[in-house]
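Asker: Dropping the structure in here first, questions after.
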Amino acid sequence: KNLQKPLLLYYDDP
Amino acid sequence: MFEARLIQGSVLKKMIDAIKDIVTDINLDCSSTGISVQAMDSGHVCLVLIELGSDGFEPYRCDRNITLGLGLKALSVVVRCANNDDSITIKAQEGTDNINFVFESPNGEKTSQFEIKLMDIDSEHLGIPDTEYDSVVKMPSHEFQRICRDMSQLGDSIVVACTKDGIQFSASGDMGSGKINLRQSSLVDKEEDQINIELNDPVHLTFALRYLNYFTKATPLSPTVTLSLKAESPLCVTYPIGDFGSMKFFLAPKIDD
């Protein structure tokens, strides 16, 4: 349990 | 012309202390409504969002939207030269590549002026939508700081679980494991000591303690902190700044490989 997805995959780049 | 005077200059010092371990450069996005900052750590798993309304400054003048790029190291050096009870005025002229800081003692006897070179900072902006969170927990900020510090003695990760029984923080490692439960408080003398748990849906998430310990550097900014949690989504940790702004940290959860 060590993976962190970058925030870009959760939030859009407007 | 941009000019903003913060009466309580110590707030700026605290803000810089809170983010200087996470980001190295920031863009101050200044508009007529106030100043905002959005910056990500180098690993792109956490994000800092600062919003300061123009009503927190006296005077506040921003003739045209302007972005001021600053290195936090220089900013930190300069701001450390201000006394805690000084006011701090930030000034920038259009078309120049400097930003000015003026510190003024409360009685006006001492004024100091500093100048920092502006930088061109390539920053990615993320659109963070208004989110309906599964659980929103408000608690004393020193309590959250203590929990993160204690849990990091046990392991690298913290599991945060919200249920109708309250919020549970747990960590485990080679040495052993620990659990801390907080329940909604019933009667407290001071509002800032209150633990308030809003629960729409039970939620269970894992986060890297390294980042949470960075976020808790913002504790001197506010007696309370709010944790907003949603399944499979980034955590949002909010520290209010007076009644005119906030500092928010977003952190991606750890997920199963």
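Quick note, the sequences are listed as chains A and B, same order. Per the working numbering, residue 425 is the first one in the first sequence, and the count goes up by one each step. Per the working numbering, residue 567 is the first one in the second sequence, and the count goes up by one each step. All C-beta atoms, glycine included, are put in the ideal place defined by N, C-alpha and C. None of the values given here were measured: they were computed from a predicted structure.
1) Please report the Cβ distance between B/LEU748 and B/MET705, rounded to the nearest whole angstrom; I am assuming they are in contact, meaning their Cβ atoms lie under 8 Å.
2) My guess is that B/THR697 and B/SER799 are in contact by the Cβ rule of under 8 Å, so how many angstroms apart are they, rounded?
3) Using DSSP with H/G/I as helix, E/B as strand and the rest coil, what is B/ARG776?
4) Tell me, please, whether the CB atom of B/ILE694 is closer than 9 Å to any CB atom in chain A?
5) Is B/THR655 helix, strand or coil when you go by DSSP?
6) For B/GLN750, which of helix, strand or coil comes out of DSSP?
7) Taking all protein chains shown into account, do 16 or more other C-beta atoms lie within 10 angstroms of the C-beta of B/GLU670, making it buried, or fewer, making it exposed?
8) Would the segment 778-794 of chain B and the segment 708-725 of chain B be scored as touching if the rule is three or more Cβ pairs under 8 Å?
9) Please name the residue in B/GLY744, B/ARG776, B/ILE573, B/VAL702 whose C-alpha comes closest to that of B/ASN766.
10) Need the endpoints of the beta strand (DSSP E) that B/CYS647 sits in, please.
Answerer: On the basis of the data shown:
1) 7 Å
2) 7 Å
3) Look at B/ARG776 here: in three-state DSSP terms it is helix.
4) B/ILE694 belongs to the set of residues whose beta carbon lies under 9 Å from a beta carbon in chain A.
5) strand
6) Here B/GLN750 carries a coil assignment [DSSP, helix/strand/coil].
7) The residue in question, B/GLU670, is buried, as its Cβ has 16 or more Cβ neighbours within 10 Å.
8) yes
9) Measuring from the Cα of B/ASN766, the nearest candidate turns out to be B/VAL702.
10) That residue, B/CYS647, is in no beta strand (DSSP E); it is neither H nor E in DSSP.
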